[in-house]
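**Q** If you count by mature numbering (1 follows the signal peptide of the UniProt record, and there is no 0), then the sequence shown holds residues -19 to -1, 1 to 65, one letter each, in order. Glycine residues also receive a C-beta, built at the ideal position from the N, C-alpha and C atoms. Model, not experiment: these values are computed from the prediction.
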Amino acid sequence: MKPLIAAAAALLLSATALAAQPQGAAGAGRGPGDMIKQMDANGDGKVTKAEFDANSRAMFARMDRNGDGVLSGDELTPPKRPGN
C-alpha cells in the first residue's frame, strides 16, 4: 500500500509542479498529455514504471533543496522569486 501512496503523491506533485510553471517554460504544459510527453523518455507515447520512477527521483532531488534525502515543509513551499 505504501508504494501506491508514494506513487500517487509523486504524480500529484508532478502535476502540481507542471501547473506551477509559467507559460513558455521548458516542459510546461496544461494537461495529462503534456505530463506524459515530459516523462516519456523513449518517445513511445507511454510512460513505463521506470520512466515514472526516474521522473519522480529527479523531481524529489530538485525539491530536496538541502540534499538531506528528506522533504520538509519549507522545501515544499515554492522558492521566493526575485522581486517578490
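Does the distance from the C-beta atom of residue 66 to that of Glu32 stay below 8 Å?
**A** Here the chain covers residues -19 to 65 and nothing more, so residue 66 does not appear.
**Q** Please classify Gly8: is it buried, with 16 or more other beta-carbons within 10 angstroms of its beta-carbon, or exposed?
**A** In the sequence shown, the residue the question calls residue 8 occupies position 27. Model confidence at Gly8 stands at a pLDDT of 48, short of 50, so the residue's coordinates are unreliable and nothing is read from them.
**Q** My output table needs one value for Ser53: the three-state DSSP class, helix, strand or coil.
**A** Reading the sequence shown from its first residue, position 72 is the one you call residue 53. Ser53 sits in coil when the DSSP states are folded into three classes, being neither helix nor strand.
**Q** Whole angstroms is fine: what's the gap from Met40's alpha carbon to Lys30's?
**A** Working through the sequence shown from its first residue, we reach residue 40 at position 59. Working through the sequence shown from its first residue, we reach residue 30 at position 49. One Cα belongs to Met40, the other to Lys30, and the distance between them is close to 15 Å.
**Q** Go through the stretch 4 to 48 residue by residue and report every complete run of the alpha helix (DSSP H) that reaches 4 residues or more, in order.
**A** If we require 4 residues or more, the alpha helix (DSSP H) runs fully inside the stretch 4 to 48 come out as 13 to 20, 30 to 44.
**Q** Would you mind sorting Asn47 into buried or exposed? The rule is 16 or more other CB atoms within 10 Å of its CB.
**A** Along the sequence shown, one-based indexing puts residue 47 at 66. Exposed: under 16 other Cβ atoms inside 10 Å.
**Q** Are there 16 or more other CB atoms within 10 angstroms of the CB of Gln4, so buried, or fewer, so exposed?
**A** Numbered from 1 along the sequence shown, position 23 holds the residue referred to as residue 4. The predicted model places Gln4 with a pLDDT of 46, which falls under 50 and marks its position as unreliable, so this point remains unresolved.
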